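> Start counting the sequence shown at 1; every next residue gets the next number (full-length UniProt numbering).
Idealized CB from N, CA, C, for every residue including glycine.
In this text the structure is predicted, and so the values were computed from the model without any measurement.
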Amino acid sequence: MPNVGGMGCMGGMGGMGGMGTVGMYSMQPGGLSSDAYVDKNLRPLDAEHYSAAGLVPYRKRPGGVELLLAREKPWNSFINAYDPLAWNIFGGKRVSRQERSVEVTAVRCFREAVCDFEAAPTDEVLHNMIPNGFYMWYPLGKYALILVEVEDGSLDDLPEKFAEAKEASPGADSEYRILPMGVKKWKKQIDLLEWVPGEDLAPEAKFEVSDLLSNMLKVAKFLDFLAGRMDPAEIWPKGSQPQRPILNGDMRKGKGKSKDWGGPSMDNGYKGRGKDGWGPGDSNGYKGKGKKGKGKGFGKVAGPAVPFSQGVPGVPLMQMPPPPPMPVYTAPPPAAMQPGSEEMQRQMYGEQLYVLVLPLAPSPYLAQKITGMLLELPQNELVLNLTDPQELQRRVEEALEVLKADGVTN
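Written as structure tokens, this is what we have:
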């Protein structure tokens, strides 16, 4: 597959440090995932500590999908010159200490790439597309790519509109600089935008591709998506809860496919909290204090009854008594977090927080964002949020206000 060298705003990548393993999945220092995966949401620590992000719109077509890509000449800072014209995704590096979420970085980079001409989608339009999209985590460079389906055809003519805007002001668009928030300086030239069929990218690209896109095309599940073998609408129906991510075994040498997804476990057979749950009522089975939740609750476990004896003459078969109700979900004290590494503790905190935040947030998408924000708190405040429902409610409301100010939610 042809590919080109260094990347500018649309694909700058960092090196990958040493890896360790915690539980059933690989982790980098700091608790980030070292395995490439596809999921409805990012794992909490990946969402918190990402280094770069991108956003790629797609539309369904018979037999596969088409991605909206740019043909650009990426600026190669190593050779101080443009690389050859190539297909590239919309994305770039996170603005350190200023951008709180993958979505903010991805939307900013998309908007910078297409410029602010009349037909360009606004920040609000792009953010509203994201909840129905999905994520691909690429560990090399800690890169989070958001793929969003354009169902209403609103971006179908964006390539033509972009070409018209560029032709109207050739002097300004032939070569320009971008100063995102006054921090980083990027230099690039986009020749055109185009809808590219998945079959034109894999198994062999029909045009030059950037280094970043070339590497992402090695992720097996991304190839399945491009070929139409993986339909996000079937895996994650609208309004559904997050599922286990689809891991890419090919990206992990000698490890095979992981069976643990590293995020909050939702595959426990329980649908609701039963008695003494807390938080506002919602369709997930959570009700106010002292009320019964919908669904099965913690007091009922799915599965067939198991007899005490089988096939013994004269001894009747007896049913196992139901197990006693489980207590309300609370966090264990820090001393119980074994093994005692800071990365493992934060991963466990993230899993527990997500379960508690989910019924309080307007959507699983926002619950994942809020969980990442809460993980930035000092440990004593973090533990307080795990054990004090009122404090958690207050923090969630504060986080929603921050996300609203950032334009992530209305």
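Gly277 by DSSP, collapsed to three states: which one?
Taking the first residue of the sequence shown as position 1, residue 277 is located at position 277. Reliability fails at Gly277, whose pLDDT of 34 lies under 50, so the model's placement of it is uncertain and the value that follows must be treated cautiously. Correct three-state label for Gly277: coil.
> Closest to Leu126 by C-alpha separation, out of Phe90, Tyr143, Lys73, would be which residue?
Translated into the one-based positions of the sequence shown, residue 126 becomes position 126. Cα-wise, what sits closest to Leu126 is Phe90.
> Using the three-state DSSP reduction, which class does Ala120 fall into: helix, strand or coil?
The residue given as residue 120 occupies position 120 in the sequence shown. In the structure shown, Ala120 sits in coil (DSSP, three-state: anything other than H, G, I, E or B).
> Among the candidates Gln390, Phe222, Lys404, whose CA atom is the shortest distance from the CA of Leu67?
Counting from one through the sequence shown, the residue named residue 67 turns up at place 67. It is Phe222 whose Cα lies nearest to the Cα of Leu67.
> Looking only at its chain, what residues have a beta carbon closer than 8 Å to the beta carbon of Leu384, apart from the 5 residues adjacent to it on each side?
Residue numbering aside, residue 384 sits at position 384 when the sequence shown is read from its first letter. The residues are Glu391.
> Could you give the DSSP three-state label for Asp191: helix, strand or coil?
For this step, residue 191 is matched to residue 191 along the sequence shown. Looking at Asp191 - three-state DSSP - the assignment turns out to be strand.
> Take Phe162 as the anchor and find which of Ala120, Gly350, Ile370 has the nearest alpha-carbon.
What you label residue 162 is simply residue 162 of the sequence shown in a count that begins at 1. Minimum Cα distance to Phe162 is reached at Ala120.
> Is the Cβ-Cβ distance between residue 412 and Val65 less than 9 Å?
In the structure as shown, the chain begins at 1 and stops at 410. Residue 412 is therefore absent and cannot be evaluated.
> Leaving out five residues on either side along the sequence, give the residues of the same chain with a beta carbon under 8 Å from the beta carbon of Gly198.
For the purposes of this step, residue 198 is identified with residue 198 of the sequence shown, where counting begins at 1. Same-chain partners within the cutoff: Gly64, Val65, Glu66, Leu67, Phe225, Leu226, Ala227, Gly228.
> Helix, strand or coil, according to DSSP, for Val355 in the structure here?
Along the sequence shown, read from residue 1 onward, the residue named residue 355 stands at position 355. Three-state result, Val355: helix.
> Using 10 angstroms around the beta-carbon of Arg61, count the other beta-carbons present and answer buried if the total reaches 16, otherwise exposed.
As a first step, residue 61 is located in the sequence shown; it is residue number 61 there, counting from the start. Classification of Arg61: exposed, given that the 10 Å Cβ count is below 16.
> Find out if the Cβ-Cβ distance for the pair Pro159, Ala36 is shorter than 9 Å.
Translated into the one-based positions of the sequence shown, residue 159 becomes position 159. Translated into the one-based positions of the sequence shown, residue 36 becomes position 36. No; because the gap between Cβ atoms is not below 9 Å, this pair is not in contact.
> Using three-state DSSP, classify Asp35 as helix, strand or coil.
The count along the sequence shown starts at 1 and reaches residue 35 at position 35. Reduced to three states, the DSSP call for Asp35 is coil.
> Taking the continuous alpha helix (DSSP H) assigned at Glu112, which residues delimit it?
Against the sequence shown, residue 112 aligns to sequence position 112. Looking at the DSSP string, the run of the alpha helix (DSSP H) that includes Glu112 is 102–114.
> So the beta strand (DSSP E) residue 413 belongs to, where does it begin and stop?
Residue numbering for the chain in the displayed model covers 1 to 410; residue 413 lies beyond these limits and cannot be assessed.
> Less than 6 Å between C-beta atoms, sequence neighbours within five positions excluded: which residues of the same chain meet that for Leu55?
Counting from one through the sequence shown, the residue named residue 55 turns up at place 55. Taken in chain order, the residues that qualify are Phe90, Ala106, Phe110, Ile146.
> Taking 8 Å as the cut-off, does the CB of Ala86 come closer than this to any heavy atom belonging to the ligand MG?
Absence of the ligand MG from the depicted structure is noted, as is the absence of any ligand whatsoever, leaving it without description.
> If I follow the unbroken alpha helix (DSSP H) through Ala168, where does it start and stop?
Translated into positions along the sequence shown, residue 168 becomes position 168. Unbroken alpha helix (DSSP H) run through Ala168: 158–168.
> Given a threshold of 16 other Cβ atoms within 10 Å of its Cβ, counted over all protein chains shown, does Glu151 qualify as buried or as exposed?
One-based indexing of the sequence shown puts residue 151 at position 151. Glu151 comes out exposed.
> Determine the direct distance from the alpha carbon of Arg43 to that of Ser34, and round the result to whole angstroms.
The residue given as residue 34 occupies position 34 in the sequence shown. The residue given as residue 43 occupies position 43 in the sequence shown. Straight-line Cα distance between these residues: approximately 12 Å.
> For a cutoff of 9 Å on Cβ pairs, would you count Val402 as touching chain B?
Of the protein chains in the structure, only one exists, and it is not chain B.
> What does the Cβ neighbour count give for Asp157, buried or exposed, with the cut at 16 atoms within 10 Å?
Taking the sequence shown and counting its residues from 1, the one referred to as residue 157 is at position 157. It counts as exposed.
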